[in-house]
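Student: Attaching a single structure in structure tokens format; questions to follow.
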Amino acid sequence: MNKKVLALSILVLGIISFLFFYGERSEEKEQTQPQTLQSVKTEKKEKKTIEEKQRSVEQRAAFEFDMQKNPATGLIPREEKDVELQVAIREKNTSLTTNSSSRAFTTPYESRGPSNLGGRTRALAIDLSDATGNTMLAGGISSGVFRTTDGGTSWTKVSEDDDIHNVTAIAQDPRVGFQNIWYYGTGEVFGNSAGIGNAFYLGQGIWRSVDSGVTWTQLPGTGSTFEIFDSNFDIINSLAVHPTTGELFIAAFGGIFRYDGTNFNLEVNASSAQETDVKITSTGRVFASVAGTNGSQNGVYTSPTGTGSYTRIAQNGSPAGWASTGRVVLGIAPSDTDVVYALYNNGQTSSVVPIQIEADLWRYDLGTNTWTDFSGKLPDEAGGDLGGNDPFSIQSGYDLEVSVKPDNEDFVVIGGTNVYRIADIVTDATFDRIGGYISNLSFASYGSGDAAANDGDTHHPDIHDLVFSPFDANTLLSGTDGGVHTTDVTSGTVRWTTLNNNYQTYQYYHVGMDPLDGTDFVIGGAQDNGTSLGGAAGLTGVGSSTEHLDFFGGDGVAAAIGRTGNGPLNLADIQLYLGAQGGDIFTFRNSGAFFANVRPTGTTSSIFVTYFYLDTETNTLYYADGTNLYRTLDGPTVTSAVSAASWTDIGTLSTAQNIRSMAATRGAYSTANSFTLIGGENGGVFRHLNPRNTDLNTADNITPGGASTAVNSVVSGVAIHPTDPDIGMVVYSNYGINNIYVTSNLTETNPSWTLAERNLSSHSIRSAAITEVDGVITYFVGTARGLYSSTDPTTVDWRLESPDQVGLAIVSSLVYRPGDNILLIGTHGNGMYQADLNSCPTTTTYTIAGGWDNGAPTASVRAIIAESYDTSDGGLGSITACELTISAGAILTVEDGTFVSVQNDITVNGTLDISNTGSVIQVFDAAETFNNGNISVEKITPTIDDRNYVAMSSPMTAETRDGVYGNSRAV
6 MNKKVLALSI LVLGIISFLF FYGERSEEKE QTQPQTLQSV KTEKKEKKTI
56 EEKQRSVEQR AAFEFDMQKN PATGLIPREE KDVELQVAIR EKNTSLTTNS
106 SSRAFTTPYE SRGPSNLGGR TRALAIDLSD ATGNTMLAGG ISSGVFRTTD
156 GGTSWTKVSE DDDIHNVTAI AQDPRVGFQN IWYYGTGEVF GNSAGIGNAF
206 YLGQGIWRSV DSGVTWTQLP GTGSTFEIFD SNFDIINSLA VHPTTGELFI
256 AAFGGIFRYD GTNFNLEVNA SSAQETDVKI TSTGRVFASV AGTNGSQNGV
306 YTSPTGTGSY TRIAQNGSPA GWASTGRVVL GIAPSDTDVV YALYNNGQTS
356 SVVPIQIEAD LWRYDLGTNT WTDFSGKLPD EAGGDLGGND PFSIQSGYDL
406 EVSVKPDNED FVVIGGTNVY RIADIVTDAT FDRIGGYISN LSFASYGSGD
456 AAANDGDTHH PDIHDLVFSP FDANTLLSGT DGGVHTTDVT SGTVRWTTLN
506 NNYQTYQYYH VGMDPLDGTD FVIGGAQDNG TSLGGAAGLT GVGSSTEHLD
556 FFGGDGVAAA IGRTGNGPLN LADIQLYLGA QGGDIFTFRN SGAFFANVRP
606 TGTTSSIFVT YFYLDTETNT LYYADGTNLY RTLDGPTVTS AVSAASWTDI
656 GTLSTAQNIR SMAATRGAYS TANSFTLIGG ENGGVFRHLN PRNTDLNTAD
706 NITPGGASTA VNSVVSGVAI HPTDPDIGMV VYSNYGINNI YVTSNLTETN
756 PSWTLAERNL SSHSIRSAAI TEVDGVITYF VGTARGLYSS TDPTTVDWRL
806 ESPDQVGLAI VSSLVYRPGD NILLIGTHGN GMYQADLNSC PTTTTYTIAG
856 GWDNGAPTAS VRAIIAESYD TSDGGLGSIT ACELTISAGA ILTVEDGTFV
906 SVQNDITVNG TLDISNTGSV IQVFDAAETF NNGNISVEKI TPTIDDRNYV
956 AMSSPMTAET RDGVYGNSRA V
């Protein structure tokens, strides 16, 4: 178990709880012997069969597709997606290049992690040019390419935020003198929550780096029309570089291609096969595979050089017993390049008892041209079966990997939902489990409580890549749905170490935060990574604001934090609300004495991303059962019962449709004025007055005129101004329709809506928020390509926020806390971010008028922040303020104690870069003191150096300051 996570769970959160299996839904448990929060998490993986897991893959893809498709055509329009990307890139470039001193205040954004948890990773590679093995590259499915030079202690994202990020393969040129050349491929066949014709299903081909993976450009000829399948290179399964010629081999949709630097040559024709693989030995022999579903072309092929002369060495029926029904992956033995392993989907399922092993494993010996069937050694552990876990499960090939220890052709590791090893495949009876789930009887994570491995970090199931270090044959790395981990594969008990250190790749659907001002406790529901909890570090000094606890399994969905008290973090006052795919909703309260599935009894909705909404002002909780809405007036005590004391079915909207988004007015509840704003799945927008006391059919239909009301027109977000209920916004996620509407008379019988797309007319809008700080109202929208804001979207274009952090990620969720003006941003692939929207980021008062001859400065402003800088190297940082005029001669105090003297009047509206300000700023050493107009300067040299700041030769007192100042040069 991750020691930081353990500290976070026990020392920071201090939550007590009990063991609870997700399969025990609808039973509330009061526990007499509570345990740690971690024990809750470890046993709460869903008990899904392989068919259920495959359905989850399909359902999450369909959920995302439905959010985007044009309701009129049922298709995602390629032209609009193209325009969306181009507009986003333009706005990003504008945002990064606009002179900050002429812009409005630049909002500070900070990562909220998870910095210690990783997301779905299908590709890993260790840099051959770094003999320490510390330089590695990894690819997140909807996050991009990351690079580390310190063995995973930290990662840097190296792919651009506007690139397509469904990274599926990474390869390095192995030739000495050419190891600076790298490639990555994009486009995942299936399994992505952002699947089927959207931002991360189809790729944008192959990208190349010539500076060891630091910067990348698209390989000419591999691009395609964005989001539409019109090229073999929209789906890349694997890449390999020839060790002699340097040619790139590509296992793509429809075949194996060889890129010679100019042309793409089809070497193995696989017609319409989606699943292919390619591996190359150190001698240059190429092995390739084609899925068993591909009729007469299925099987394994080899060529001595990779340029023609391919021989099919296996196919269904030959050798006898070979029967692939899907994906085939290959693993070459580095110590004996005549040996190659093939692991394939055999079509078995867990739908009948006894549950079957879902793959076959064969080994080929080139020297003897023979295959050996080792399928009988695949794992089926004693003591019982658990579908999707044991026996060996591969989720229809979604998880499938085979790799061979570099110094031993008989030592093999395989990946499905779990990782297994066999030290000698010839003599050993079977593989043994070394990662994934904890055992064949539980869906808890490996290393999360077993006596043997609990001093390692937890390891995540769903294995996509297993990579041995070329410098240490005992070191194995894994790429999983939980990021990157490493271990010594030869240990008697395998213990994993997480390398998810700022490898920020989580895919959130919804996020939430503690409603109490000044706190940093956050929660989020993530695709295939359940629900995570973060923050609360400042309360005990343990952890950091970016660390999260991996709290609950499955597919995370809606999530919220409620309170019954307003003191410091006291778990008796806090309730957690979280869910899982397909309809379940859980609550955690009373310091963990109560943790249960409280889904209303009898509800049947199977919408993949379960939706519920917590009104934190009243602790009223609403649960969407498709078209029906359930309400409890007391979230902190709700159970699964549908009764007067718990849930009430308040019915459907007047034009029944699935409920997809909600917002509530803030402040003291009023039966005459309080209302909720509700968005539906058929484009409807409704205002429900007095929602704590009336049924849903009383809600007013206030759908904007001109908005699409066709089936599957998804109202993905609604927002109400925090203090003025007349100001509202609704947004739609589909392409081909109007997407953003605002109103200033939301409480009127028939509000007048204004279409406010402006420069975002081609964007899919996913979330919405309205804020007000210092009298300035700002509208925020999260889109499929970044976060945008406008102070008046009826007249002012939307501006891209946080271009270098949030970037162009899908912004799936926005939550605003008006008490301290914090905006929480949930992205699908780039984790969480937080913005402090206060017009100035601190309330410290600085006096800045006056000057040398005026004694102590007399005027003051609300705040000035200047980044710390080292005067020894002239790094001057910046000043951040709001509509601030600084008079000539004023003295400004910098965070590190340094002073700057203003030579001319300055107006700062936003952030002023003082690293190159010409004759504006004079900088003094940090050893100065300033007190009531008296200045003392120490350790000052008498030169004006090449960085253009003034230095003085001797201490200066108040009596001599005029003369010294008069003789100094302005910079």
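Per my numbering, residue 6 is the first one in the sequence shown, and the count goes up by one each step.
Idealized CB from N, CA, C, for every residue including glycine.
Which first and last residues belong to the beta strand (DSSP E) in which A1 is found?
Tutor: Any question about residue 1 goes unanswered here, given that the chain covers just 6 to 976.
Student: Label D802 either buried or exposed according to how many other C-beta atoms from any shown protein chain fall within 10 Å of its C-beta, with 16 as the threshold for buried.
Tutor: Counting from one through the sequence shown, the residue named residue 802 turns up at place 797. So D802 counts as exposed.
Student: Is I439 helix, strand or coil when you go by DSSP?
Tutor: Within the sequence shown, residue 439 is the residue found at index 434, counting from 1. DSSP places I439 in strand when its eight states are reduced to three.
Student: Between the beta-carbon of T291 and the beta-carbon of Y315, is there less than 9 Å?
Tutor: Residue numbering aside, residue 291 sits at position 286 when the sequence shown is read from its first letter. Residue numbering aside, residue 315 sits at position 310 when the sequence shown is read from its first letter. With the sequence shown as reference, residue 291 is identified as Val, and Thr is not the correct amino acid for it. Yes, the pair counts as a contact, with Cβ atoms nearer than the cut-off.
Student: What is the DSSP secondary structure of K74, reduced to helix, strand or coil?
Tutor: Residue mapping note: residue 74 aligns to position 69 of the sequence shown, counting from 1. It is coil, neither helix nor strand.
Student: Measuring CA to CA, which of G300, S323, P248 is closest to T288?
Tutor: Walking along the sequence shown from the start, residue 288 turns up at place 283. Nearest option by C-alpha distance: P248.
Student: Whole angstroms is fine: what's the gap from A456's alpha carbon to F599's?
Tutor: Numbered from 1 along the sequence shown, position 451 holds the residue referred to as residue 456. Numbered from 1 along the sequence shown, position 594 holds the residue referred to as residue 599. The predicted model places A456 with a pLDDT of 43, which falls under 50 and marks its position as unreliable, so this point remains unresolved.
Student: Hey, E414 and V472 are a contact pair by Cβ (cut 8 Å); roughly how many whole angstroms apart?
Tutor: To locate residue 414, count along the sequence shown from 1; it is residue 409. To locate residue 472, count along the sequence shown from 1; it is residue 467. That belief does not hold up - the Cβ atoms of E414 and V472 are roughly 17 Å apart, past 8 Å.
Student: Could you tell me whether the segment 519-539 touches the segment 433-451, using the rule of 3 or more Cβ pairs below 8 Å?
Tutor: With the cut-off at 8 Å, the segment 519-539 and the segment 433-451 do not touch.
Student: According to DSSP, is A93 part of a helix, a strand, or is it coil?
Tutor: What you label residue 93 is simply residue 88 of the sequence shown in a count that begins at 1. A93 falls in the helix class under three-state DSSP.
Student: Exposed or buried, what is R125 when buried is set at 16 or more other beta-carbons lying within 10 Å of its beta-carbon?
Tutor: As a position in the sequence shown, residue 125 is number 120, starting the count at 1. Its Cβ being crowded by 16 or more others within 10 Å, R125 is buried.
Student: Spatial neighbours of D216 within its chain, please: CB distance less than 8 Å, with the 5 preceding and 5 following residues excluded, ordered by chain position.
Tutor: As a working note, residue 216 is residue 211 in the sequence shown. For D216, where only same-chain residues beyond five positions count, the Cβ hits under 8 Å are N185.
Student: Report the start-end ranges of each beta strand (DSSP E) in the segment 391-448 that is 3 residues or longer and not cut off at the edges.
Tutor: Taking only runs of at least 3 residues, the beta strand (DSSP E) segments lying wholly in the segment 391-448 are 406-409, 417-420, 424-427, 437-440, 442-444.
Student: Please report how far the alpha carbon of L583 lies from the alpha carbon of V527, in whole angstroms.
Tutor: Residue 583 sits at position 578 when you count from the first residue of the sequence shown. Residue 527 sits at position 522 when you count from the first residue of the sequence shown. Straight-line Cα distance between these residues: approximately 12 Å.
Student: In the DSSP assignment, find the beta strand (DSSP E) that holds Q839 and state where it starts and stops.
Tutor: Within the sequence shown, residue 839 is the residue found at index 834, counting from 1. That run of the beta strand (DSSP E) goes 837-841.
Student: Would you mind stating whether P384 and T435 have Cβ atoms separated by less than 9 Å?
Tutor: As a first step, residue 384 must be located in the sequence shown, where it is residue number 379. As a first step, residue 435 must be located in the sequence shown, where it is residue number 430. Cβ atoms of P384 and T435: closer than 9 Å.
Student: Indicate the three-state DSSP secondary structure (helix, strand or coil) for G529 in the structure shown.
Tutor: Position 524 of the sequence shown holds residue 529. Three-state DSSP puts G529 in a strand.
Student: Does the distance from the CB of H465 to the CB of G182 come in under 9 Å?
Tutor: Mapped onto the sequence shown, residue 465 falls at position 460. Mapped onto the sequence shown, residue 182 falls at position 177. Taking 9 Å as the Cβ cut-off, H465 and G182 do not qualify as a contacting pair.
Student: Tell me, please, whether the segment 371-391 touches the segment 399-412 by the rule of three or more beta-carbon pairs shorter than 8 Å.
Tutor: Taking 8 Å as the limit for Cβ pairs, the verdict is that the segment 399-412 does not touch the segment 371-391.
Student: Between G157 and G118, what straight-line distance do the alpha-carbon atoms span, to the nearest angstrom?
Tutor: Counted from its first residue, the sequence shown places residue 157 at position 152. Counted from its first residue, the sequence shown places residue 118 at position 113. Approximately 16 Å between the Cα atoms of the pair.
Student: What does the alpha-carbon distance come out to for the pair H768 and A724?
Tutor: By 1-based counting over the sequence shown, the position of residue 768 is 763. By 1-based counting over the sequence shown, the position of residue 724 is 719. Taking the straight line joining both Cα atoms gives about 18 Å.
Student: Going by beta carbon distance, what residues of the same chain come within less than 6 Å of T492, once the five residues before and after it are set aside?
Tutor: In the sequence shown, residue 492 corresponds to position 487, counting from 1. Cβ within range, chain order: L481, V499, W501.
Student: Using only the alpha-carbon positions, how far apart do S323 and A256 sit?
Tutor: Here residue 323 corresponds to residue number 318 of the sequence shown, with the count starting at 1. Here residue 256 corresponds to residue number 251 of the sequence shown, with the count starting at 1. Taking the straight line from one Cα to the other gives about 23 Å.
Student: Ends of the beta strand (DSSP E) at L471?
Tutor: Position 466 of the sequence shown, counted from the start, is the residue given in the question as residue 471. Taken as a continuous stretch (DSSP letters only), the beta strand (DSSP E) holding L471 covers 468-473.
Student: How many angstroms separate the CA atom of S537 from the CA atom of F613?
Tutor: Residue 537 sits at position 532 when you count from the first residue of the sequence shown. Residue 613 sits at position 608 when you count from the first residue of the sequence shown. Each residue's alpha carbon lies about 18 Å from the other.
Student: What does DSSP give as the partner residues of S537 in its beta bridges?
Tutor: Locating residue 537 in the sequence shown gives position 532, counting from the first residue. BP columns for S537 point to G529, D555.
Student: Just how far apart, CA to CA, sit H469 and S645?
Tutor: Taking the sequence shown and counting its residues from 1, one reaches residue 469 at position 464. Taking the sequence shown and counting its residues from 1, one reaches residue 645 at position 640. Going from the Cα of H469 to the Cα of S645 covers about 38 Å.
Student: Would you check if the distance between the CB atom of S772 and the CB atom of S713 is smaller than 9 Å?
Tutor: Here residue 772 refers to the residue found at position 767 when the sequence shown is read from its first residue. Here residue 713 refers to the residue found at position 708 when the sequence shown is read from its first residue. No. Outside cutoff.
Student: Figure out for me which residue from L371, A814, T608, G336 has the closest Cα to the Cα of S308.
Tutor: For the purposes of this step, residue 308 is identified with residue 303 of the sequence shown, where counting begins at 1. Among L371, A814, T608, G336, the Cα nearest to that of S308 belongs to L371.
Student: Please report the distance separating the alpha-carbon of T451 from that of T463.
Tutor: Residue numbering aside, residue 451 sits at position 446 when the sequence shown is read from its first letter. Residue numbering aside, residue 463 sits at position 458 when the sequence shown is read from its first letter. Residue identity differs from the one stated: residue 451 is Tyr in this sequence, not Thr. Between Y451 and T463, the C-alpha separation is close to 6 Å.
Student: Taking only runs of the beta strand (DSSP E) that begin and end inside the segment 663-723, which ones reach a length of at least 3 residues, in chain order?
Tutor: Complete beta strand (DSSP E) runs here, min 3: 664-669, 680-685, 690-694.
Student: Is it right to say D1 is buried, meaning 16 or more other beta carbons lie within 10 angstroms of its own, or is it exposed?
Tutor: Nothing can be reported for residue 1, as the shown portion of the chain is limited to 6 through 976.
Student: Take N835 as the anchor and find which of I683, S817, V747, T267 has the nearest alpha-carbon.
Tutor: Taking the sequence shown and counting its residues from 1, the one referred to as residue 835 is at position 830. Nearest of I683, S817, V747, T267 to N835, Cα basis: S817.
Student: For the 8 Å Cβ check, are there 3 or more pairs between the segment 823-843 and the segment 773-782?
Tutor: Segments in contact, yes.
Student: Rounded to whole angstroms, what's the CA-CA distance from T154 to H833? Just pull it up for me.
Tutor: Translated into the one-based positions of the sequence shown, residue 154 becomes position 149. Translated into the one-based positions of the sequence shown, residue 833 becomes position 828. If I take the Cα positions, the gap works out to 26 Å.
Student: What does T191 pair with, by DSSP beta-bridge criteria?
Tutor: Here residue 191 refers to the residue found at position 186 when the sequence shown is read from its first residue. Bridge partners of T191: V172.
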